[in-house]
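Everything below concerns the one structure shown next.
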């Protein structure tokens, strides 16, 4: 990708897994909580499965993560779309050797215009916010962490995306459990409603990036949908493919010049 162009919760042709230790009794949701769109645990214990919009809309049995999809053109390109304004925002470069006592690498990797602070979602812990305007089709990433192929470890240790081949088979896992071996993206939360979602996860070149679905304005919290199973676990009604398509269409039609 060229230069031109949590609590902790985590869609694309990949899976995301987050798992935090908690008493078994705390993991049982009653029916009223299951129907509540604002219920979250202080600590999460959940295995996420792939159910993103891209997964659902694709009718092909294979996908090519060497290409990027443009929602405006409705087609794939070898790199960013040459016809619509897109940009890439890399992380702030931080050396582990420069970390001071009690500092965490992930907290210091925020690019300009991004901060980590308490989420607007009740009991969701930390969240990620914009302090300046980011245009639609801005790419962030990649998501960083330890790479391994231990599926069970990913479930138990937390913050992990699985990267898939063109047949959907897992190649390896990118595990952001260790805050000193990951980046700020580990703190991005799952939205309560489809309208809140402003980021779309994209597997590209065996990495995971997040793309702005619309203009993100100063003060907004960043949200990405992590899949139906994870939504159910949090007491959120899973987003339907129609609602996600409508959200993308609305974002494509909105005038972001204001």
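Numbering (this note's numbering), first residue to last: 1 to 258.
The C-beta atom is built at its ideal place from N, Cα and C for all residues, glycine as well.
Measuring alpha carbon to alpha carbon, tell me which of the options ends up nearest residue i.
i, options, result
"residue 226", "207, 214, 213 and 199", "199"
"residue 133", "112, 124, 194 and 205", "112"
"residue 81", "224, 205, 1 and 168", "1"
"residue 211", "122, 78, 146 and 142", "142"
Taking the beta carbon of residue i as the centre, do at least 16 other beta carbons fall within 10 Å, making it buried, or is it exposed?
i, result
"residue 74", "exposed"
"residue 173", "buried"
"residue 171", "exposed"
"residue 136", "buried"
"residue 65", "buried"
With DSSP run on the structure shown, which of helix, strand or coil describes residue i?
i, result
"residue 152", "helix"
"residue 222", "coil"
"residue 95", "coil"
"residue 87", "strand"
"residue 186", "helix"
"residue 105", "helix"
"residue 117", "strand"
"residue 127", "strand"
"residue 1", "coil"
"residue 332", "Because the chain in this structure spans residues 1 to 258, residue 332 falls outside the shown range and cannot be described."
"residue 196", "coil"
"residue 133", "coil"
Rounding to the nearest angstrom, what Cα-Cα distance links residue i and residue j in this structure?
i, j, result
"residue 120", "residue 90", "25 Å"
"residue 187", "residue 83", "32 Å"
"residue 72", "residue 166", "24 Å"
"residue 76", "residue 63", "11 Å"
Report all residues from its chain with a CB closer than 8 Å to the CB of residue i; omit the five preceding and five following residues, and keep chain order.
i, result
"residue 117", "126, 127 and 129"
Return the chain-ordered list of same chain residues with a C-beta closer than 7 Å to the C-beta of residue i, the five sequence neighbours on each side being excluded.
i, result
"residue 70", "77, 81 and 84"
Spatial neighbours of residue i within its chain, please: CB distance less than 6 Å, with the 5 preceding and 5 following residues excluded, ordered by chain position.
i, result
"residue 196", "223"
"residue 163", "14, 171, 172 and 206"
"residue 149", "172"
Taking 7 Å as the line, does the beta carbon of residue i fall inside it for any heavy atom of the ligand GDP?
i, result
"residue 167", "With respect to small molecules bound, the structure shown includes none, and the ligand GDP cannot be examined in it."
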